[in-house]
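Right, one structure below, let's go through it.
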Amino acid sequence: MSMTPLPLVSEIVLAALVVVASIYDIRFRRIPNWLVVTGFFLGLALNLFFFRVDGLIVSLLGALLAFAVYLPFFALRAMGAGDVKLMIAIGAFVGARNWLILFLMTAILGGILAICLLSIRGGLIRTFKNVLFILGELVRLRMPYQGDPALDIGHPRAVTLPHGVSIALGTMVFLLLEILPAT
Numbered sequence: 016m017s018m019t020p021l022p023l024v025s026e027i028v029l030a031a032l033v034v035v036a037s038i039y040d041i042r043f044r045r046i047p048n049w050l051v052v053t054g055f056f057l058g059l060a061l062n063l064f065f066f067r068v069d070g071l072i073v074s075l076l077g078a079l080l081a082f083a084v085y086l087p088f089f090a091l092r093a094m095g096a097g098d099v100k101l102m103i104a105i106g107a108f109v110g111a112r113n114w115l116i117l118f119l120m121t122a123i124l125g126g127i128l129a130i131c132l133l134s135i136r137g138g139l140i141r142t143f144k145n146v147l148f149i150l151g152e153l154v155r156l157r158m159p160y161q162g163d164p165a166l167d168i169g170h171p172r173a174v175t176l177p178h179g180v181s182i183a184l185g186t187m188v189f190l191l192l193e194i195l196p197a198t
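First residue of the sequence shown: 16, per the working numbering; consecutive thereafter.
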């Protein structure tokens, strides 16, 4: 799958968006609405400016795909609303095709980051057991947080990681790969 290049202005604004979001997520454990709403509308506006109506359509499809993929994680209470809204804003910048690539990079880097942090904190075995429990509950068509309230990210005992950092890392790698010459 090849990436569709973004205009330089879009790359710079997108990089700034994810860096600020990750700083907020680390510092306050939330991503502010003013940031993601501004990012969403800037993504739409830049695509409309550079690519006219086709760009707007690509932008909206990227945001819609991000919403469709991230909404189930939010519904399962496995992810915060700020993370979902950040990915929707990113989708508005990059479009659906690029968003899929960016999502895969975010998932891989987020997984590596989570394993590292959990290894340091000593929660790797507990997390593995939680994953098995979650899968078992989903197979039984039950919400995992109902069987174990600590699986709800809002619960005080929940093990949470700032996903905004993973999103920022995935986005920055995406942008780096985009500007590197193809070989």
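Just so you know, even glycine gets a beta-carbon here, dropped at the ideal spot from N, CA and C. Predicted model, so just to flag it, every value in this text is computed and none were measured.
Over the uninterrupted alpha helix (DSSP H) stretch that includes residue i, give me the two end residues.
i       : result
His-178 : 178-194
Met-18  : Counting along the chain, Met-18 falls outside any alpha helix (DSSP H), and DSSP gives it neither H nor E.
Ala-104 : 96-136
For residue i, which three-state DSSP category applies?
i       : result
Arg-42  : helix
Val-174 : coil
Arg-67  : helix
Met-158 : coil
Ile-168 : coil
Ala-78  : helix
Ala-83  : helix
Arg-141 : helix
Leu-91  : coil
Between the Cα of residue i and the Cα atoms of the options, which residue gives the shortest distance?
i       : options                             : result
Leu-61  : Leu-29, Leu-80, Val-180 and Val-84  : Leu-29
Arg-45  : Leu-79, Met-94, Pro-159 and Val-188 : Met-94
Phe-55  : Arg-67, Ser-37, Leu-86 and Gly-110  : Gly-110
Ile-116 : Leu-75, Glu-26, Thr-186 and Met-158 : Thr-186
Val-84  : Ile-72, Tyr-160, Leu-101 and Gly-70 : Leu-101
Phe-143 : Val-33, Val-174 and Val-154         : Val-174
Tell whether a beta-carbon distance below 8 Å holds between residue i and residue j.
i       : j       : result
Asp-98  : Gly-169 : no
Gly-106 : Ala-81  : yes
Met-120 : Phe-189 : yes
Ala-104 : Val-51  : yes
Ala-248 : Phe-89  : The requested residue 248 does not occur in the structure, where the chain is confined to residues 16 to 198.
Gly-162 : Glu-152 : yes
Leu-176 : Leu-132 : yes
query = Taking three-plus beta-carbon pairs below 8 Å as touching, is the stretch 174-188 in contact with the stretch 114-127?
reply = yes
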